[in-house]
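*Asks:* Structure below; questions to follow.
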Amino acid sequence: MAFNEDSRVKIPAILHLCRMGYTYIPKRQQNRLEENNIFPEIFKKSIAAINDISEHEAEVELQELSIKLHSDDLGRDFYRRLVSTSGKKLIDFQNFHRNTFHVTTELTYKNGDEEFRPDITLLINGMPLVFIEVKKPNNREGVLAERSRINTRFALKEFTTFTNITQLMLFSNNMEYEDGVTDPVMGAYYGTPSKTGVLFNYFREEEILNLTHLLKPEDTELENLVLKDNNIVAIKHTDEFKTNKHFDTPTNRLLTSLLSGERLAFFLQFGIAYVEDDKDGKLELQKHIMRYPQLFATKALAQKLDGGTKQGIIWHTQGSGKTALAFFNVKFLTDYFQKKNTIPKFYFIVDRLDLANQAKNEFRSRGLSVRLVNSREEFIRDMKRVGAVQNHSGEMEISVVNIQKFTEDTKVLEELDYDLNIQRVYFIDEAHRSYNPKGSYLVNLLKSDTKSIRIALTGTPLLKEVAKDYDSKALFGNYIHTYYYNRSIADGYTLRLIREGIDTTYKMQMKDVIQQINILQGEISKSEIFAHPRFVEPMLEYIVNDLKTFRKTNNDYTLGGMVVCDSADQAKELFAQFEGRQRSEASSLPMAAEGIEVYASKHDLKASLILHDVNSKDDREKDIKAFKRGEIDLLFVYNMLLTGFDAKRLKKLYLARVVKNHNLLQTLTRVNRPYKNYRFGYVVDFADITKEFRLTNQNYFEELQGELGDEFQNYSNLFKSPEEITSDIEGIQEKLFDFDTHNAEKFRLQIDEIRDKKQLLELQKVLTQAKELRNIIRLQGQDELLKLLDFNKLNQLLAEVQRRLDILNLVDDLNQHEETSNLLNLALEDIFFQFTKVSEEEMILADRLRNQLRKTREELQRNFDPKDPAFISLKEELERIFRNKNLDEVSQEDMRENIGLLNRIYDEVKELNRQNALLKAKYDEDEKYARVHKRLMTDYKISAPKMQVYDALMSTKAQVDGIFLNNINLLQNDAYFRDEVMSIVIDQFIDTKKIDLDYNTTESINHLIVKEYLHQYK
44 MAFNEDSRVK
54 IPAILHLCRM
64 GYTYIPKRQQ
74 NRLEENNIFP
84 EIFKKSIAAI
94 NDISEHEAEV
104 ELQELSIKLH
114 SDDLGRDFYR
124 RLVSTSGKKL
134 IDFQNFHRNT
144 FHVTTELTYK
154 NGDEEFRPDI
164 TLLINGMPLV
174 FIEVKKPNNR
184 EGVLAERSRI
194 NTRFALKEFT
204 TFTNITQLML
214 FSNNMEYEDG
224 VTDPVMGAYY
234 GTPSKTGVLF
244 NYFREEEILN
254 LTHLLKPEDT
264 ELENLVLKDN
274 NIVAIKHTDE
284 FKTNKHFDTP
294 TNRLLTSLLS
304 GERLAFFLQF
314 GIAYVEDDKD
324 GKLELQKHIM
334 RYPQLFATKA
344 LAQKLDGGTK
354 QGIIWHTQGS
364 GKTALAFFNV
374 KFLTDYFQKK
384 NTIPKFYFIV
394 DRLDLANQAK
404 NEFRSRGLSV
414 RLVNSREEFI
424 RDMKRVGAVQ
434 NHSGEMEISV
444 VNIQKFTEDT
454 KVLEELDYDL
464 NIQRVYFIDE
474 AHRSYNPKGS
484 YLVNLLKSDT
494 KSIRIALTGT
504 PLLKEVAKDY
514 DSKALFGNYI
524 HTYYYNRSIA
534 DGYTLRLIRE
544 GIDTTYKMQM
554 KDVIQQINIL
564 QGEISKSEIF
574 AHPRFVEPML
584 EYIVNDLKTF
594 RKTNNDYTLG
604 GMVVCDSADQ
614 AKELFAQFEG
624 RQRSEASSLP
634 MAAEGIEVYA
644 SKHDLKASLI
654 LHDVNSKDDR
664 EKDIKAFKRG
674 EIDLLFVYNM
684 LLTGFDAKRL
694 KKLYLARVVK
704 NHNLLQTLTR
714 VNRPYKNYRF
724 GYVVDFADIT
734 KEFRLTNQNY
744 FEELQGELGD
754 EFQNYSNLFK
764 SPEEITSDIE
774 GIQEKLFDFD
784 THNAEKFRLQ
794 IDEIRDKKQL
804 LELQKVLTQA
814 KELRNIIRLQ
824 GQDELLKLLD
834 FNKLNQLLAE
844 VQRRLDILNL
854 VDDLNQHEET
864 SNLLNLALED
874 IFFQFTKVSE
884 EEMILADRLR
894 NQLRKTREEL
904 QRNFDPKDPA
914 FISLKEELER
924 IFRNKNLDEV
934 SQEDMRENIG
944 LLNRIYDEVK
954 ELNRQNALLK
964 AKYDEDEKYA
974 RVHKRLMTDY
984 KISAPKMQVY
994 DALMSTKAQV
1004 DGIFLNNINL
1014 LQNDAYFRDE
1024 VMSIVIDQFI
1034 DTKKIDLDYN
1044 TTESINHLIV
1054 KEYLHQYK
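Quick note on our numbering: the sequence shown kicks off at 44 and runs consecutively.
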């Protein structure tokens, strides 16, 4: 059979969606508005029905909608209209079954010369809100290739309307997940449109779904319709097709979990957020979608509320998006309580002013109206008010409150003069801190409204083993939902950590320094020793050199570090010496070949001191923002920024003191946010946290095991273990044994002899692993391992392997004259520019060339007849552009010449595709018979009118398709199948249409048709 994404993934997915209640629209019935792909007739009937209005009034809604979709706002205005429950509804969320649901395939998204066709598109009330892209298992580059193409398309202004109307996207190559990867290759993922890059989200079902209720029985008549419409009837009775139709394939599981009625309604109504993110001082609008742990936490909360529970803990690990979770729950709970004729009032409770400001900014960036309560008096007045919304725009609102604002006077009115149901909802952030029941603040919070709902949010709840009589569960109730490090790491939302023990030589040096300080000043406290200038100086030297080496090794000067100091005095001394060191280095800056300015930007570090009693609050906030933007490289902190501080570029944490219990995990996870393609965050352990981490880890392990039983695996997976690291090193040494790893030129000559790309990919994987292990081998003072691997050299060898792979891919694809798919699937423009040295003055010209090459490649890719001599000629001309050019030396003149050549090839292949499309349409979009028709008219030159040949082929197609759908064993005997088709050809061409054919020509027609079907089947 045609073992491709259509037969293995797309068709089974369409049939599964039909079982879920979607109505299939054949390709010939895709009656849509080309500007936005809305199906107007379906839209008008659906909108009229759910609003009880005329179709004429629905037509007016359609016209207004079409205007909104042209806005350059990532679809925010359209989304607000989509989920609005006032006025005329676009979707009936209250009675979701009243909406209409359709599925179609290969729907063209087109604007001008730009176009693409998602594999599957889902329509709700005629609006294309969801599309699905599929690839066959183990395809080259996995699902990343499709994401790359989507990113390119959505960045184009021509696709603005399609970007705006699309709410949900699914990508799958029908494989199980490979856990813990930063760039997912295998699996079924979901996301939402973005102009800067679609983020893939894992989905792991946590509920037991009633598939008997969700899925209709298989429908043979519908299945035949879908197979015939996609001209792939040959797969009907194959074992592979039956396997891929199963509801439990990775693709079908995701479809069920996300796109069944109740789930789809939930994601559309509550699971999408527009976020204004500060990028280098400019606001960038992003579109986010709810992660699956946030979905199931929200559903678990609803179940608790339905059961009468008023409080509980959501235990989600750091970096899992707890502020976003609170935002999504404001949306959900507003609707939840409105259905009960109750007005909710939301409060986000923090215990520090900096966290209050951070929460305020996070909520405002997501579009909530935020009231930052600045005084106790203001909060008391707020509690006395009975109105839910206090802003003038009527937007959803949340009040951010420091717990210190709760006093004994902070109580709601006990009795009201009129009937008004108010439900206060407290989200208690970082519920592992400052909530001591022996103090007054927590008591005041609990008594402020005894009927309030209290949702505690934490990544590290206080455990009874540590907090004794006031652990988190005793204060806030049982766990509503848990999402722990192992899952977060597996889902790619957080990174594992590498603990680096400090060098033995440094340890010996520090012992000498401590002895010298004691001799000079007598016995003094440890904190005084650690803050002493003679102790701080070598420590700072170590940190600065380590961070510089870390940045240089990774060739990434955006990486930042943070020093968690032993005391405020140590932090001040470290910063003072750092400033002095920088002034000294600046005065003696060497002349560098790359220029002083560039040299300084790469090698100089900038730092800031963050202490509660140093500088003003505004100055500290300014420095923190500067660090996040990359303008500051190193932070010296004490008792600040250890919780609630998220900076993705922070990848090195220097621990100068032992942090205990839940605070230790909070501190460590400052470096666990995903950033670029890094797989780990790094912790340089000056203080030796080994014992404390083991104790803390064991406590949380036992707590989670009590909650989750055997489902939970060891919490220590937060760190990469010494055993794993040692095994990795041994594996690297073994796999590199046959190569010269000392001489890069000899290494290059060795790999030039390798033609097997699998060997090179394995070598690339090993060297990439070595790059990641550069800082790991110093673990626990194993300095001797540094002598076993020259990491700088291995990094150089990695670049050679990558270049060799790129060249092999390019040469192989250009030499494949008979099969064009590899050339066309390859992002040729990316490889071209990898070898092209482009000066700053040539960037505009280079962009034009890159864009034209992309368009030409994509247009070639749309051709379905690679045997067509006209297509072969155009493809060979494209190949000659690359065969005859030295890609290392492409001048402006070359670029202009190439642009001209590409323009001509693009125009000619576009015209060829236009003609092919007309012919394919005549054969009900069946590429098989369009190709047979072309061969008959060009290669065999049948002396009959095209219309007569067409009638004969269409009658043949109808009969062959029909016997396919009804004869299970037809293709299991090739000779029998050929005889069957031969009898049909003779009947239709010679007996019915009276076309004069000799035996050889008749046999050739039979051979062409049989070959097309066998290609689909085998």
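All C-beta atoms, glycine included, are put in the ideal place defined by N, C-alpha and C. Computed from a predicted model, the values in this text were never measured in an experiment.
Since Val607 and Leu696 should fall inside the 8 Å C-beta cutoff, what is the C-beta to C-beta distance between them, to a whole number of angstroms?
*Replies:* 7 Å
*Asks:* Under 8 Å: do the region 107 to 120 and the region 202 to 213 share three or more Cβ pairs, one atom per stretch?
*Replies:* yes
*Asks:* Determine the extent of the beta strand (DSSP E) in which Asn445 is found, giving its start and end residues.
*Replies:* Run containing Asn445: Glu440 to Asn445, per the beta strand (DSSP E) assignment.
*Asks:* By the 10 Å Cβ neighbour count, where 16 or more other Cβ atoms means buried, how is Val809 classified, buried or exposed?
*Replies:* Label assigned to Val809: buried.
*Asks:* How would you label Val173, buried or exposed, when you count the other beta carbons within 10 angstroms and need 16 or more for buried?
*Replies:* The Cβ neighbour count for Val173, taken over all protein chains shown within 10 Å, is at least 16; the residue is labelled buried.
*Asks:* To the nearest whole angstrom, what separates the beta carbons of Thr12 and Thr537, a pair I think is in contact under 8 Å?
*Replies:* Outside the displayed span of the chain (44 to 1061) sits residue 12, for which this structure offers no information.
*Asks:* Roughly how many whole angstroms lie between the Cα atoms of Val727 and Asn906?
*Replies:* 55 Å
*Asks:* Kindly indicate which three-state DSSP category Thr899 falls into: helix, strand or coil?
*Replies:* If DSSP states are grouped into helix, strand and coil, Thr899 belongs with the helices.
*Asks:* Quick check on DSSP: helix, strand or coil for Met170?
*Replies:* strand
*Asks:* On the criterion of 16 or more Cβ atoms from any shown chain inside 10 Å, does Thr128 qualify as buried, or is it exposed?
*Replies:* exposed
*Asks:* Compare the beta carbon distance of Leu617 and Phe679 with 7 Å and say whether it is the shorter of the two.
*Replies:* yes
*Asks:* Determine the extent of the alpha helix (DSSP H) in which Tyr1068 is found, giving its start and end residues.
*Replies:* Only positions 44 to 1061 of the chain appear in the structure, and residue 1068 is not among them; the question remains open.
*Asks:* Between the Cα of Lys271 and those of Arg1021, Asp911 and Ala1001, spot the shortest distance and give me the residue it belongs to.
*Replies:* For the residues Arg1021, Asp911 and Ala1001, the minimum Cα distance to Lys271 belongs to Ala1001.
*Asks:* For the structure I just gave you, are there three or more beta carbon pairs, one from the region 1022 to 1036 and one from the region 982 to 995, closer than 8 Å?
*Replies:* yes
*Asks:* With distances taken from CA atoms, which of Leu415, Ala345, Leu411 and Tyr528 is nearest Lys383?
*Replies:* Ala345
*Asks:* Would you report the Cα separation of Ala787 and Asp731, rounded to the nearest angstrom?
*Replies:* 38 Å
*Asks:* Between the region 52 to 63 and the region 128 to 138, do three or more beta carbon pairs fall short of 8 Å?
*Replies:* no
*Asks:* Work out the CA separation of Lys330 and Ala316 for me, nearest whole Å.
*Replies:* 6 Å
*Asks:* Spatial neighbours of Phe284 within its chain, please: CB distance less than 6 Å, with the 5 preceding and 5 following residues excluded, ordered by chain position.
*Replies:* Ile278
*Asks:* According to the neighbour-count rule (16 or more other Cβ atoms, all chains shown, within 10 Å of its Cβ), is Ile332 buried or exposed?
*Replies:* buried
*Asks:* Please report how far the alpha carbon of Arg424 lies from the alpha carbon of Gly362, in whole angstroms.
*Replies:* 35 Å
*Asks:* Excluding sequence positions up to five away, which residues of its chain have a Cβ less than 6 Å from the Cβ of Lys111?
*Replies:* Contacts found: Asp120 and Phe121.
*Asks:* Does the contact criterion of 3 or more C-beta pairs under 8 Å hold for the region 221 to 237 versus the region 289 to 306?
*Replies:* yes
*Asks:* According to DSSP, is Lys325 helix, strand or coil?
*Replies:* strand
*Asks:* State the start and end residues of the unbroken beta strand (DSSP E) segment that holds His359.
*Replies:* Gln354 to His359
*Asks:* With a threshold of 16 other CB atoms inside 10 Å of the CB of Lys971, please say whether the residue is buried or exposed.
*Replies:* buried
*Asks:* Measuring CB to CB, does Met63 end up less than 7 Å from Ser303?
*Replies:* yes
*Asks:* I'd like to check one pair, Val714 with Leu698: are the Cβ atoms closer than 7 Å?
*Replies:* no
*Asks:* Can you give the Cα-Cα distance for Tyr527 and Val952, rounded to whole angstroms?
*Replies:* In this structure, the alpha-carbon of Tyr527 lies about 53 Å from that of Val952.
*Asks:* Give the secondary structure of Asn868 by DSSP, where H, G and I count as helix, E and B as strand, and everything else as coil.
*Replies:* Note that Asn868 has pLDDT 47, beneath the 50 cutoff, so the model's placement of it is unreliable and the number below is only indicative. Secondary structure at Asn868: helix, using DSSP grouped into helix, strand and coil.
*Asks:* Look at the alpha carbon of Lys494 and the alpha carbon of Tyr469, and state the distance between them as a whole number of angstroms.
*Replies:* Straight across, the Cα-Cα distance linking Lys494 with Tyr469 is about 11 Å.
*Asks:* Do you know how far the Cα of Met439 is from the Cα of Arg467?
*Replies:* 14 Å
*Asks:* Applying the criterion that 16 or more other CB atoms from any shown protein chain within 10 Å of the CB defines a buried residue, is Thr503 buried or exposed?
*Replies:* buried
*Asks:* In three-state DSSP terms, what is Asp555?
*Replies:* Note: Asp555 maps to helix in three-state DSSP.
*Asks:* For the region 102 to 111 against the region 147 to 154, are there 3 or more C-beta pairs whose distance is under 8 Å?
*Replies:* no
*Asks:* Does the distance from the CB of Ala399 to the CB of Asn445 come in under 7 Å?
*Replies:* yes
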